[in-house]
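Under my numbering, residue 465 is the last one in the sequence shown; the count climbs by one each step, no gaps.
Below is one structure, written out as structure tokens; comments come after it.
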Amino acid sequence: MKSIYSDLKDQAWQANMEIPRRGLAIYTFGNVSALDADRAVFAIKPSGVSYDALTAADIVVVDLDAKVVEGTLRPSSDTKTHAALYRSFQASGGGIGGIVHTHSTYATAWAQAGMAIPIYGTTHADHLAEDVPCTAVMTAEAVRGDYEAETGTQIIDCFRTRNPREIPMVLVAGHGPFTWGKTADKAVYHAVVLEELAKMASITRSLDPHAGRLPDYLVRKHYERKHGTGAYYGQ
Ligand SMILES: [Zn+2]
Numbered sequence: 231m232k233s234i235y236s237d238l239k240d241q242a243w244q245a246n247m248e249i250p251r252r253g254l255a256i257y258t259f260g261n262v263s264a265l266d267a268d269r270a271v272f273a274i275k276p277s278g279v280s281y282d283a284l285t286a287a288d289i290v291v292v293d294l295d296a297k298v299v300e301g302t303l304r305p306s307s308d309t310k311t312h313a314a315l316y317r318s319f320q321a322s323g324g325g326i327g328g329i330v331h332t333h334s335t336y337a338t339a340w341a342q343a344g345m346a347i348p349i350y351g352t353t354h355a356d357h358l359a360e361d362v363p364c365t366a367v368m369t370a371e372a373v374r375g376d377y378e379a380e381t382g383t384q385i386i387d388c389f390r391t392r393n394p395r396e397i398p399m400v401l402v403a404g405h406g407p408f409t410w411g412k413t414a415d416k417a418v419y420h421a422v423v424l425e426e427l428a429k430m431a432s433i434t435r436s437l438d439p440h441a442g443r444l445p446d447y448l449v450r451k452h453y454e455r456k457h458g459t460g461a462y463y464g465q
């Protein structure tokens, strides 16, 4: 009998396969999940399975407490971080249906430096109107606790004053990026965009360590023409 989660697992599998294809991860690094908000479950990559061996049948379905609902493999070790974010995003108005975690090189370099990515240019402003935030460094106490759930808390704390629907990405200090979107595909798109923004920002900074942020009027123009009420831009 066909599982009621077949479509969800397929979405998650296809989105996961984009991760190595886009050069965002090697070996088993990285994971993507896809949410079914009505059923309050999400599908996620299993732990320790390399992308070239991954099939849709391997994808694990878990509830929002990260308990396995369907699947024989162990879900990704980052599953509790995904669960914490879905719970928080649902509580703050929903609209987020996919999450990605990678250790993509440039975004991870900024995370390791513990630095937000400054909004240096219009490529960045086309996607978000402020710096890509970086969380605080996790305390020893949080690491000793439920580490993966605490990683979620670290991100949620960082978004107390930010809107996750306007800023679909974050750097976890000392670790790497998480991105999200309306769908798992959109979350992968944001992971690719973030890596490119991080790369451009790294080069900008190496050319001029004192490079300034894009002026606010240009940030607004670029962000609003794509995301504002009168959005008209597409390329
Ligand atoms: Zn990680």
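We treat Cβ as the ideally placed atom computed from N, Cα and C, and that holds for glycine.
Suppose you measure from the CA of residue 326 to the CA of residue 411; what does that come to, to the nearest Å?
Taking the first residue of the sequence shown as 1, we reach residue 326 at position 96. Taking the first residue of the sequence shown as 1, we reach residue 411 at position 181. Answer to the nearest angstrom: the Cα atoms are 5 Å apart.
Go ahead and pull the three-state DSSP assignment for residue 270.
One-based indexing of the sequence shown puts residue 270 at position 40. Coil, per DSSP.
Looking at the strands, I want to know which residues DSSP matches up with residue 408.
As a position in the sequence shown, residue 408 is number 178, starting the count at 1. DSSP, once it has assigned bridges, lists 331 and 400 as partnering residue 408.
Tell me which same chain residues have a C-beta within less than 6 Å of the C-beta of residue 258, skipping the five on either side of it?
Translated into the one-based positions of the sequence shown, residue 258 becomes position 28. Excluding residues within five positions, the ones whose Cβ falls inside 6 Å are 278 and 280.
Rounded C-beta distance between residue 406 and residue 311? I'm assuming under 8 Å.
Against the sequence shown, residue 406 aligns to sequence position 176. Against the sequence shown, residue 311 aligns to sequence position 81. Actually they do not touch by this definition, with Cβ atoms about 11 Å apart.
Would residue 299 pass as a contact of residue 308 if the rule is Cβ separation under 8 Å?
Taking the sequence shown and counting its residues from 1, one reaches residue 299 at position 69. Taking the sequence shown and counting its residues from 1, one reaches residue 308 at position 78. Their beta carbons are not under 8 Å apart, which means residue 299 does not touch residue 308 by this criterion.
For the structure I just gave you, are there three or more beta carbon pairs, one from the region 332-339 and one from the region 351-360, closer than 8 Å?
no
Where do the ends of the alpha helix (DSSP H) carrying residue 293 lie?
Locating residue 293 in the sequence shown gives position 63, counting from the first residue. Careful: residue 293 lies outside any alpha helix (DSSP H), inside the beta strand (DSSP E) at 290-293.
According to the neighbour-count rule (16 or more other Cβ atoms, all chains shown, within 10 Å of its Cβ), is residue 469 buried or exposed?
In the structure displayed, the chain extends from 231 to 465; residue 469 sits before or after that span and is not available.
For my contact list, residue 290 and residue 303 are in at a C-beta cut-off of 8 Å; report their separation, rounded to the angstrom.
Position 60 of the sequence shown, counting from 1, holds the residue named residue 290. Position 73 of the sequence shown, counting from 1, holds the residue named residue 303. Contact holds; Cβ gap of about 6 Å.
Buried or exposed (CB count within 10 angstroms, at least 16 for buried), residue 420
By 1-based counting over the sequence shown, the position of residue 420 is 190. Flag for residue 420 reads buried.
Following the continuous beta strand (DSSP E) through residue 298, name the residue where it begins and the one where it ends.
Reading the sequence shown from its first residue, position 68 is the one you call residue 298. Run containing residue 298: 298-300, per the beta strand (DSSP E) assignment.
Over the uninterrupted alpha helix (DSSP H) stretch that includes residue 462, give me the two end residues.
Reading the sequence shown from its first residue, position 232 is the one you call residue 462. First-last for residue 462: undefined, no H or E at that position.
Could you give the distance in angstroms between the alpha-carbon of residue 367 and the alpha-carbon of residue 266?
Translated into positions along the sequence shown, residue 367 becomes position 137. Translated into positions along the sequence shown, residue 266 becomes position 36. The straight-line gap from Cα to Cα measures roughly 31 Å.
Any chance the CB of residue 333 is under 7 Å from a heavy atom of ligand 1?
In the sequence shown, the residue the question calls residue 333 occupies position 103. Answer for residue 333: yes, Cβ within range of ligand 1.
Determine whether the beta carbon atoms of residue 254 and residue 425 lie at a separation below 8 Å.
Looking up residue 254 in the sequence shown gives position 24. Looking up residue 425 in the sequence shown gives position 195. In contact: residue 254 and residue 425 (Cβ atoms closer than 8 Å).
Spell out a yes or no on whether the region 435-453 and the region 343-353 are touching, meaning 3 or more CB-CB pairs, one atom from each, closer than 8 Å.
Judged by Cβ distances under 8 Å, the region 435-453 makes contact with the region 343-353, as three or more pairs qualify.
Taking only heavy atoms of ligand 1 into account, decide whether any of them is closer than 7 Å to the Cβ of residue 382.
If you number the sequence shown from 1, residue 382 lands on position 152. No, ligand 1 has no heavy atom inside 7 Å of this Cβ.
Tell me, to the nearest whole angstrom, how far the beta carbon of residue 245 is from that of residue 423; I am working on the premise that it is less than 8 Å.
Reading the sequence shown from its first residue, position 15 is the one you call residue 245. Reading the sequence shown from its first residue, position 193 is the one you call residue 423. Going by Cβ atoms, the distance from residue 245 to residue 423 rounds to 15 Å, so no, they are not a contact pair.
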